[in-house]
Amino acid sequence: MAKYVPDIKTERWVIIAPGRKSRPDQSAPKPTVKVCPFCEGNESQTPPEIYRIGPGEKDKPGWQVRVVPNLYPITDIHEVIIHSTDDSRDIEDLPSDQVTRILTAYRDRYRAHEDDGQVLIFSNHGFAAGASLKHPHAQLVVIPKQINLDAVEREPVANVVKENNYFVTYCPDFSQWPFEVWIAPKQEGGGKFGSVPDSELADLADVLRDALKRIRSAQEKGYLHSVHEQGVFVYNYYIYHWTNWFIRITPRFVHRAGFELGTGLNVNVVDPTEAARVLREMV
């Protein structure tokens, strides 16, 4: 069971989850797992699946997106959403229809747990971003409703990079990370992520895939060098858990150090207006 401990003066909380220390070693320079449990054909190496998109029997090959409980949970409800059978390609390189399936799984699992608490879906891409396995995946956690989450709410649209029928990609003026990108529904004041209809998921897949490709292109063209392994595209994103939802993408081009930790103030070395200009130029 996860243990929630509040700070005595603020409304911030910390989760005590000792089981997480048994995860594959993140400090190792290369993955220590010899056989990937998320690859097709290795279904028996994960806990029993709880959701899949694609043909085939439960816990058998044939799936296109697969969801299983996390072996090392942070919270009492913690799931892994395996993006595809591909061990290396992630959203920025997968076909659009596969990205739509991934987002469909996100939306469906959000709906499945909406009444259980606050549902947060996030992805850590790269070991330096917190991933413990190379195989691309996202995670879903449910936090009790009484826990205050110290999360920013949707920022006003500014510095637009791209838009389509339903969504807009932009670099908000309140950007804490270089080349930080947000994706939000054009209609502000909307509901939770679980309310996204099937008819809009393909458009969402288009802008998410496009945003990641643009950020990676900016890195490859030398606008900002990764502080992590040379040539590795490292990023995180999450879907805001509450109403007026959005997706926030944070490339890991910088380290956070003592100033940020001691003050709670983040230093962004790239003006969001300039970041948006550069990203618009990326193909």
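Per my numbering, residue 2 is the first one in the sequence shown, and the count goes up by one each step.
Here a beta-carbon is modelled for each residue, glycine too, at the ideal position from N, C-alpha and C.
Quick caveat: nothing in here was measured; it's all calculated off a predicted structure.
**Q.** 9 Å Cβ cutoff met for residue 237 and residue 131
**A.** A Cβ-Cβ contact shorter than 9 Å links residue 237 with residue 131.
Q. Which of helix, strand or coil does DSSP assign to residue 168?
A. If DSSP states are grouped into helix, strand and coil, residue 168 belongs with the strands.
Q | Same chain, Cβ closer than 7 Å to residue 72, neighbours up to 5 away in sequence not counted | A | So the list reads 48, once near-sequence residues are dropped.
Q) For residue 125, which residues does DSSP report across the bridge? A) Beta-bridge pairing links residue 125 to 237.
Q) Is it a yes or a no for the region 154-173 touching the region 94-103, going by three-plus beta-carbon pairs under 8 Å? A) No, because fewer than three Cβ pairs between the region 154-173 and the region 94-103 fall closer than 8 Å, the two stretches do not touch.
Q. Would you say the region 168-177 touches the region 199-214, given that touching needs at least three Cβ pairs under 8 Å?
A. Below 8 Å, enough C-beta pairs join the region 168-177 and the region 199-214 to call them touching: three or more.
**Q.** Close beta carbons around residue 110, own chain, < 7 Å, minus the five adjacent residues each side
**A.** Closer than 7 Å at the Cβ level, and outside the excluded window around residue 110, lie 52, 68, 80, 82 and 141.
Q.
Quick check on DSSP: helix, strand or coil for residue 221?
A. Correct three-state label for residue 221: helix.
Q: Could you give the DSSP three-state label for residue 7: helix, strand or coil?
A: Reduced to three states, the DSSP call for residue 7 is strand.
Q. How close, in whole Å, do the beta carbons of residue 179 and residue 269 come, if the pair is a contact with beta carbons under 8 Å?
A. The C-beta distance from residue 179 to residue 269 rounds to 6 Å, short enough to meet the 8 Å contact threshold.
Q | Distance, residue 96 Cα to residue 115 Cα | A | Computed Cα separation, rounded: 29 Å.
Q. From this set, 106, 205, 23 and 19, which residue's C-alpha is nearest residue 54's C-alpha?
A. Checking every option, the nearest Cα to that of residue 54 belongs to 106.
Q.
Let me confirm a value: residue 17 is counted as buried when at least 16 other C-beta atoms fall within 10 Å, else exposed. Which label applies?
A. By the neighbour-count criterion, in which 16 or more other beta carbons inside 10 Å mark a residue as buried, residue 17 falls on the exposed side.
Q | Beta-carbon proximity list for residue 283, same chain, < 7 Å, skipping 5 on both sides | A | Sequence-distant Cβ neighbours of residue 283 in its own chain, meaning closer than 7 Å and more than five residues away, are 215, 218 and 219.
Q.
Suppose you measure from the CA of residue 185 to the CA of residue 234; what does that come to, to the nearest Å?
A. Near 23 Å, if we compare the C-alpha coordinates of residue 234 and residue 185.
Q. So, do the region 188-195 and the region 253-268 have three or more beta carbon pairs nearer to each other than 8 Å?
A. Not touching, per the Cβ criterion.
Q: Measure the C-alpha to C-alpha separation of residue 152 and residue 23 and round it to an integer number of angstroms.
A: CA-CA distance, residue 152 to residue 23, rounds to 27 Å.
Q.
Measuring alpha carbon to alpha carbon, tell me which residue in 138, 204, 242 and 6 is nearest residue 88.
A. Of 138, 204, 242 and 6, the residue nearest in Cα terms is 138.
Q | First through last residue of the alpha helix (DSSP H) which encompasses residue 114 | A | The continuous alpha helix (DSSP H) containing residue 114 extends over residues 97-114.
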